[in-house]
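Engineer: For the protein sequence lines, the chains are A and B, in the order given. According to our numbering, the first sequence is numbered sequentially starting from -13. According to our numbering, the second sequence is numbered sequentially starting from 131.
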Amino acid sequence: MSATEALLRVANIETYYGPIQAIRGVTLDVNQGQIVTVLGANGAGKTTILKTISGVMDPERGQVVFEGKNIAGMKPDRVMREGICHSPEGREVFPFLTVHENLVMGAYSRHDKDEVAHDLEACFGYFPRLKERAHQRAGLLSGGEQQMLAISRALMGKPKLLLLDEPSLGLSPILVTQIFDIVKRINRERGVSILLVEQNAHIALKTADYGYVIEVGRIVMEDECVRLMEKDDIKEFYLGQKEAGVRGRRRWKRKKLWR
Amino acid sequence: MAMTELTTTPPVIREDQEVGPSVASMLWQRVRTRGSRTILREKDRGVWKQVTWEQLGARARQVGMGLRALGFNAGDVACVLSETNPQWVYADLGILGVGGVSSGIYPTDAPGQVEYILRDSGARVLFVENEEQLDKALQVRERCPKLQRIVIFDMKGLRELNDPQCESFDAFLARGEEFDRAHPGAWEDGIKAVRGDQLAILVYTSGTTGPPKGAMLSHRNIIFQLVNLNPQLGLREGDERLAFLPMCHVAERMAGLYQSLYAGMISNYVESPDTVFENQREVQPTVALAVPRIWEKMQSGIALRAREATFLQRHAYAWAINAGLRLVDARLSGRGVPITRRLGFLLAQPIVRNIRRELGLNRARCAYVGAAPIAPDLIRWYLALGIDMLEVYGMTECGGVTTVMPRDAIRPGWVGKPAPHTRLAFSPEGEILLAGEHVFMGYWNQPEKTAETIRDGWLHTGDVGRADDGYVRVTDRMKDIIITAGGKNVTPSEIENELKFSPYIADAIVIGDRRKFLSCLVMIDHENVEKWAQDNSVPFSNFTSLTRAEKVVGLIQGEVERANQKFARVEQVKAFRLIEQKLEAEDPELTPTMKLKRAFVNKKYSDLIETMYADA
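Below, the structure is given as structure tokens:
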């Protein structure tokens, strides 16, 4: 991947929570029209990467280049206006606003009324359930519906790049499949590039084109998702497929080699 | 042309009647006389716990009796497949106590290698560390007909194991105790029956060409070596050391464990191979023995931390090391040390002490390095810190150390002088030859190989070297010497050592036999290069992408050029490539001590090597 064609290039970012370094030098690219996933265990630094991109956190060093422009250190609202919308971990919908109001909030920075209305219809098209509940308070929605709302709200900002933080969190398996189908449709139909952070490696690898694996703040592996799925370490540590071994039960873990 | 012997006087030999003829008799004599004193420590739930001689003796006895209960007799072989830990020690001493033969298997070995050693040695009993190692044994046991019993040290995750061939270490020890009660005196009689000329340990040497060979060391080999080397190494009761090198290796077994038993030195067992440096800081050993790779890693850790420190700290470090180096230069040149240099060194002491404490060597009287070549500059660095880094030379086939660097006349780049009990000579081709009672019994089941190695009473080491003023210099392995297409003889290890002195280069292999020029393959130091790349904003993701980054290649280029300056033009490396895969101890490219295996690497990366000569 060359730096010129990448829509987003994150280079050597280091991000801290106070004295604790969460990201120890991460470099990754998202190309135009791609779905890129970042896999990793709890506390690996996945969410921090997204927060650093969207400007919620500032990197101590390194660059975040979006469409050729360094956006590291910009305020979140500026980043959003540049075309990056963030659907945060745990949905974070406005509970006392209605579904409709939530969606309009997502378009707060836009003035093209007709197009906003058009996008609203598009969201309702992807998630008909939201249309049914348009005038209910968001806090009363189910987890799955809230997730739909969070994604839709981000879409209402008309992003070129959508940051999705664990959309599968707390959802039933069938709902997860449905939501990821729509994520894929959004990508294909609207040409929105997506950076997807997930713990559910199965669905993420199936959905995305390219993947990075991050462990304690560092990238240990990157490849096309189809190739990642074939790697032994991914199979054992992320997809839970391990050989039972000679005794039919194996408790010890191989050393991760990342190759 | 005849060979030339360096040692002219008949060897000076010490005997110590007190310890008796065998490792078994030595152990029991020490247990009886030193009873309640501490001999080893291990870290249990975060606390260092001590083990006394009595406890050590009791454990070894239980193991020995447990083996006897299985019908294991003198001369039978038992293998141990485990990381270095106290259980390894108990098993080893128990095996030796009943006159058995003890042989180690590297925990990083693949099942196929485990099978090879089990079959070759004909082991009847196998001790395994844990579930992971057990699985290797279970995979291959059907093809090891002599293997009767597998004893497991750590039963974590194996509660439901129900296999008639396997048992836990605890159960095994309990049966040993039972046997002991039923057969009073069996243990003591067994010890008395162990003869000096009896085979004690089999040490499998990493086979860079062909399968590994089991070097046979007798009790006499070991005792002769311990008694005579002890005053040379200056080890005594109350000394503390860190035990972390693999027990399968002759260095940890002979100069580590057995020497500790002989001297009464306390061995502190590391929690795991990953915690060596932390554990060393906690223990602050008084003596240390390690392979070059460890000393290199420690030095580069400090050098890098100094580089990222504040302006003041950085300069304080540089100043202190320089003050030390100036003193070292004066000391090594043999001239008197000017008072100004002494003063400078004195002033630098607070900083030096901090570095030493950080290294875990603040109490270290001296440190030994062996088993592989080391860069002279690295030795000078340690000397500058006031740590006497002494090179030793030897090999498995003569029970470890044979030459020792004299403390009062250190010559970096040389491996010291032959120990008084060792005869050392050079063949007309320059090969180093050794003789003495520590020369091994031969290779297990391989009389032809033995006859090739011991000829006319001399052990042929396969190392080429020379002597000057009584000092020995090892230039290279005989088969590694490169003759370039121009007919120039080059010793690759000298260049490789210079390269390895860079914090960014973990290991390197110089190539050039029958080639127009020299080239090399470099294994980068992952941590340090990663850090450098991050500090210099060089984008990278994983290891491979790091090795492909242009600036990283440039960094290594700079390091290669720096090393080249120390050599004549024909000896300079003209091209290099980076190994793109991160190698681990489990990989066949590396020896268990993390050195690249020359022959294997040459073969495996032949395509990559050809690219260097294709462009030229």
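Just so you know, even glycine gets a beta-carbon here, dropped at the ideal spot from N, CA and C.
Out of A/N88, A/L36, A/R(-5), point me to the one whose CA is closest to A/Q18's CA.
Structural biologist: Along the first sequence, read from residue 1 onward, the residue named residue 18 of chain A stands at position 32. Ranking A/N88, A/L36, A/R(-5) by Cα distance to A/Q18 puts A/R(-5) first.
Engineer: Residues of the segment 620 to 651 of chain B in Cβ contact with chain A at a cutoff of 7 Å, in chain order, please.
Structural biologist: none
Engineer: Report yes if the CB atom of B/G326 is closer than 8 Å to the CB atom of B/G229, and no otherwise.
Structural biologist: Start at 1 with the first residue of the second sequence, and residue 326 of chain B comes out as number 196. Start at 1 with the first residue of the second sequence, and residue 229 of chain B comes out as number 99. At the C-beta level, B/G326 and B/G229 stay beyond 8 Å of one another.
Engineer: Can you pull the chain A neighbours of B/S298, defined as C-beta to C-beta under 9 Å?
Structural biologist: In the second sequence, residue 298 of chain B corresponds to position 168, counting from 1. Those do not exist, as B/S298 stays about 15 Å from chain A at its closest Cβ, beyond 9 Å.
Engineer: Below 7 Å between beta carbons is the criterion; list the residues of the segment 662 to 682 of chain B that meet it against any residue of chain A, in chain order.
Structural biologist: Q664, S667, P669, F670, S671, N672
Engineer: In three-state terms, what does DSSP make of A/A(-11)?
Structural biologist: Position 3 of the first sequence, counted from the first residue, corresponds to residue -11 of chain A. In this prediction, A/A(-11) scores a pLDDT of 44, lower than 50, which makes its location untrustworthy; the coordinate-derived value is nonetheless stated afterwards. A/A(-11) falls in the coil class under three-state DSSP.
Engineer: Can you check DSSP and say which residues form a bridge with B/S649?
Structural biologist: Position 519 of the second sequence, counting from 1, holds the residue named residue 649 of chain B. According to DSSP, B/S649 bridges with B/I641, B/A705.
Engineer: Using the beta-carbon of each residue, which ones in chain B are nearer than 7 Å to A/G231?
Structural biologist: Here residue 231 of chain A is taken as the residue at index 245 of the first sequence, counted from 1. Within chain B, the residues near A/G231 are D265.
Engineer: So what's B/A615 in DSSP terms, helix, strand or just coil?
Structural biologist: Here residue 615 of chain B refers to the residue found at position 485 when the second sequence is read from its first residue. If DSSP states are grouped into helix, strand and coil, B/A615 belongs with coil.
Engineer: Less than 8 Å between the beta carbons of B/D284 and B/N260, yes or no?
Structural biologist: Position 154 of the second sequence, counted from the first residue, corresponds to residue 284 of chain B. Position 130 of the second sequence, counted from the first residue, corresponds to residue 260 of chain B. Result yes, Cβ atoms of B/D284 and B/N260 sit closer than 8 Å.
Engineer: So the candidates are B/E426, B/L391, B/I396; which of them puts its Cα closest to the Cα of B/F407?
Structural biologist: For the purposes of this step, residue 407 of chain B is taken as residue 277 along the second sequence, with counting starting at 1. Answer by Cα proximity: B/E426.
Engineer: If you draw a straight line from the C-alpha of A/W244 to the C-alpha of B/V531, how long is it?
Structural biologist: For this step, residue 244 of chain A is matched to residue 258 along the first sequence. For this step, residue 531 of chain B is matched to residue 401 along the second sequence. When rounded, the distance between both Cα atoms is 39 Å.
Engineer: So B/M525 is in the beta strand (DSSP E); what residue range does that whole segment cover?
Structural biologist: Position 395 of the second sequence, counted from the first residue, corresponds to residue 525 of chain B. Counting along the chain, the beta strand (DSSP E) containing B/M525 begins and ends at 518 to 525.
Engineer: My output table needs one value for A/E53: the three-state DSSP class, helix, strand or coil.
Structural biologist: As a first step, residue 53 of chain A must be located in the first sequence, where it is residue number 67. If DSSP states are grouped into helix, strand and coil, A/E53 belongs with coil.
Engineer: Kindly list the residues whose CB is nearer than 7 Å to the CB of B/K179, restricted to its own chain and excluding five residues on each side of it in sequence; keep chain order.
Structural biologist: Within the second sequence, numbered from 1, the residue matching residue 179 of chain B stands at position 49. Correct list, in chain order: R171, E172.
Engineer: From the beta carbon of B/A729, is the nearest beta carbon of chain A less than 8 Å away?
Structural biologist: As a working note, residue 729 of chain B is residue 599 in the second sequence. Chain A, which has no Cβ nearer than 8 Å to the Cβ of B/A729, makes this no.
Engineer: Shorter than 8 Å from the beta carbon of B/E719 to some beta carbon of chain A?
Structural biologist: On the second sequence, residue 719 of chain B is found 589 positions in, with the first residue counted as 1. Not an interface residue.
Engineer: Suppose you measure from the CA of B/G587 to the CA of B/L136; what does that come to, to the nearest Å?
Structural biologist: As a first step, residue 587 of chain B is located in the second sequence; it is residue number 457 there, counting from the start. As a first step, residue 136 of chain B is located in the second sequence; it is residue number 6 there, counting from the start. Using only the alpha carbons, I get a separation of about 16 Å.
Engineer: Mind checking if B/Q815 is an interface residue toward chain A, Cβ cutoff 8 Å exclusive?
Structural biologist: In the structure displayed, chain B extends from 131 to 746; residue 815 of chain B sits before or after that span and is not available.
Engineer: To the nearest angstrom, how far is it from the Cα of B/V333 to the Cα of B/I611?
Structural biologist: Residue 333 of chain B sits at position 203 when you count from the first residue of the second sequence. Residue 611 of chain B sits at position 481 when you count from the first residue of the second sequence. Answer to the nearest angstrom: the Cα atoms are 26 Å apart.
Engineer: Can you list, in chain order, the residues of the segment 186 to 219 of chain A whose Cβ is nearer than 7 Å to any Cβ on chain B?
Structural biologist: So the list reads Y198, I205, V206, M207, E208, given in the order they occur along the chain.
Engineer: Alpha carbon to alpha carbon, what distance is there between A/E152 and A/G129?
Structural biologist: Locating residue 129 of chain A in the first sequence gives position 143, where the first residue counts as 1. Locating residue 152 of chain A in the first sequence gives position 166, where the first residue counts as 1. C-alpha separation (whole angstroms): 13 Å.
Engineer: Buried or exposed: which applies to B/A549, given that a residue is buried once 16 or more other Cβ atoms fall within 10 Å of its Cβ?
Structural biologist: Within the second sequence, the letter at position 419 stands for residue 549 of chain B. With 16 or more other Cβ atoms within 10 Å, it is buried.
Engineer: Please look up how many angstroms separate the CB atoms of B/M395 and B/L365, rounded, as I've assumed it's under 8 Å.
Structural biologist: Position 265 of the second sequence, counted from the start, is the residue given in the question as residue 395 of chain B. Position 235 of the second sequence, counted from the start, is the residue given in the question as residue 365 of chain B. Indeed they touch by this definition, with Cβ atoms about 5 Å apart.
Engineer: Does the segment 64 to 77 of chain A come close enough to the segment 99 to 111 of chain A to have 3 or more Cβ pairs within less than 8 Å?
Structural biologist: no
Engineer: Cα separation between B/M504 and B/E740?
Structural biologist: As a first step, residue 504 of chain B is located in the second sequence; it is residue number 374 there, counting from the start. As a first step, residue 740 of chain B is located in the second sequence; it is residue number 610 there, counting from the start. Sequence inspection shows Ile at residue 504 of chain B; the Met mentioned does not correspond to that position. One C-alpha to the other measures close to 28 Å.
Engineer: Specify whether the segment 726 to 743 of chain B and the segment 665 to 679 of chain B touch according to this definition: at least 3 beta carbon pairs, one from each stretch, less than 8 Å apart.
Structural biologist: no
Engineer: May I ask you to report which of helix, strand or coil DSSP gives B/G592?
Structural biologist: Stepping through the second sequence from its first residue, residue 592 of chain B is reached at position 462. In the structure shown, B/G592 sits in a strand (DSSP, three-state: E or B).
Engineer: Could you check the C-alpha separation between B/R607 and B/G595 for me, to the nearest Å?
Structural biologist: Mapped onto the second sequence, residue 607 of chain B falls at position 477. Mapped onto the second sequence, residue 595 of chain B falls at position 465. Distance between the alpha carbons of B/R607 and B/G595: 9 Å.
Engineer: Three-state secondary structure (DSSP) at B/V569?
Structural biologist: As a working note, residue 569 of chain B is residue 439 in the second sequence. In the structure shown, B/V569 sits in coil (DSSP, three-state: anything other than H, G, I, E or B).
Engineer: Provide the residue(s) that pair with B/A208 in DSSP beta bridges, ordered along the chain.
Structural biologist: On the second sequence, residue 208 of chain B is found 78 positions in, with the first residue counted as 1. In the DSSP output, where bridge partners are listed per residue, B/A208 has B/S232, B/V255.
Engineer: Quick check: the segment 47 to 54 of chain A against the segment 202 to 220 of chain A, are at least 3 beta-carbon pairs closer than 8 Å?
Structural biologist: no
Engineer: Identify whether A/E152 lies in helix, strand or coil by the three-state DSSP scheme.
Structural biologist: Numbered from 1 along the first sequence, position 166 holds the residue referred to as residue 152 of chain A. Judged by DSSP in its simplified three-state form, A/E152 adopts coil rather than helix or strand.
Engineer: Please classify A/V212: is it buried, with 16 or more other beta-carbons within 10 angstroms of its beta-carbon, or exposed?
Structural biologist: Within the first sequence, the letter at position 226 stands for residue 212 of chain A. Exposed, because fewer than 16 other Cβ atoms sit within 10 Å of the Cβ of A/V212.
Engineer: Could you tell me whether the segment 511 to 524 of chain B touches the segment 572 to 581 of chain B, using the rule of 3 or more Cβ pairs below 8 Å?
Structural biologist: no
Engineer: According to DSSP, is B/A478 part of a helix, a strand, or is it coil?
Structural biologist: For the purposes of this step, residue 478 of chain B is identified with residue 348 of the second sequence, where counting begins at 1. If DSSP states are grouped into helix, strand and coil, B/A478 belongs with coil.
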